[in-house]
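Chains as they are written, first to last, in the working numbering: chain L, 5 to 114; chain H, 116 to 231.
Spelled out as structure tokens, the structure:
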């Protein structure tokens, strides 16, 4: 079974804090993605990476950055968290014909 | 870009078939059509995908129109556990899903309710 693990299920952070969301996969796949999910807006792509140290912007990259130092780990970084970044964050990998998602991290910025 | 159109919500009765429609009128000739679903409090999971001909697997069937501008996900006998949001998606930027840089763009999906 493919495993995509997100480091936290729930997080509460203060405005202005630097936040790291970690995603680890156990299948040695190149393509990894970060989405956020908000009511009424569906899933929106923030960033994706198709190799170590490679990254590409998705549809809503503003306010976020990413890091891919090792193939199995893809980190989403909020340099200075804001309340409008309160959301569900989902990490995914693409493996041949399927994508596999983590359980999600519900981030609340207060 | 990777636009698909689905109804916001649908209802079904348990044990009855469900047909979930999707329009993708701007799809290119090499784009696969993918369906995912998201159960409550979980990340999305793969359901099925296809290119031109109809496809079947243990979860569902996918019927693709001859002109490929629309498709229908068919759950043959809905159960309460099938209540979820169903997403019809295709790769962004005209990239084949099989390409090294293909990514998936999710819309709002169809929320399926199943009544006992």
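Every residue, glycine too, gets a C-beta built ideally from N, C-alpha and C.
Taking 8 Å as the threshold, the shortest C-beta distance from residue 24/L to chain H does not fall below it.
Proximity of chain H to residue 85/L at the Cβ level (cut-off 7 Å) is not reached, the minimal Cβ distance being about 22 Å. Burial state of residue 191/H is exposed, judged by a 10 Å Cβ sphere holding fewer than 16 other Cβ atoms. Contacts between residue 118/H and chain L, judged by CB atoms closer than 7 Å, are missing: the closest CB pair is about 12 Å apart. DSSP assignment within the segment 36-92 of chain L yields the following whole beta strand (DSSP E) runs of 3 residues or more, N-terminal first: 46-53, 69-74 and 77-82.
Of 89/L, 48/L, 74/L and 112/L, the smallest CA-CA separation from residue 32/L is found for 74/L.
Note that the C-beta distance between residue 24/L and residue 36/L is not below 8 Å. A direct Cα-Cα distance of roughly 22 Å separates residue 15/L from residue 104/L. Listed along chain H are 161, each with a C-beta nearer than 7 Å to that of residue 102/L.
Here residue 196/H carries a helix assignment [DSSP, helix/strand/coil].
Below 8 Å, too few C-beta pairs join the segment 52-70 of chain L and the segment 5-12 of chain L to call them touching: fewer than three.
Among the CB atoms of chain L, none fall inside 8 Å of the CB of residue 121/H. Per DSSP, the unbroken beta strand (DSSP E) holding residue 16/L starts and ends at 14-17. Per DSSP, the beta-bridge partners of residue 165/H are 148/H.
The straight-line gap separating the alpha-carbon atoms of residue 153/H and residue 174/H is approximately 14 Å. For residue 204/H, the pairing in a beta bridge is given by DSSP as 149/H. The C-beta of residue 114/L has fewer than 16 other C-beta atoms within 10 Å across all chains shown, which makes the residue exposed. Of all residues in the segment 139-168 of chain H, only 147, 149, 151, 153, 156, 157, 158, 159, 160, 161 and 164 place a beta-carbon less than 9 Å from a beta-carbon of chain L.
By the C-beta density criterion, residue 182/H is exposed, having fewer than 16 other C-beta atoms within 10 angstroms.
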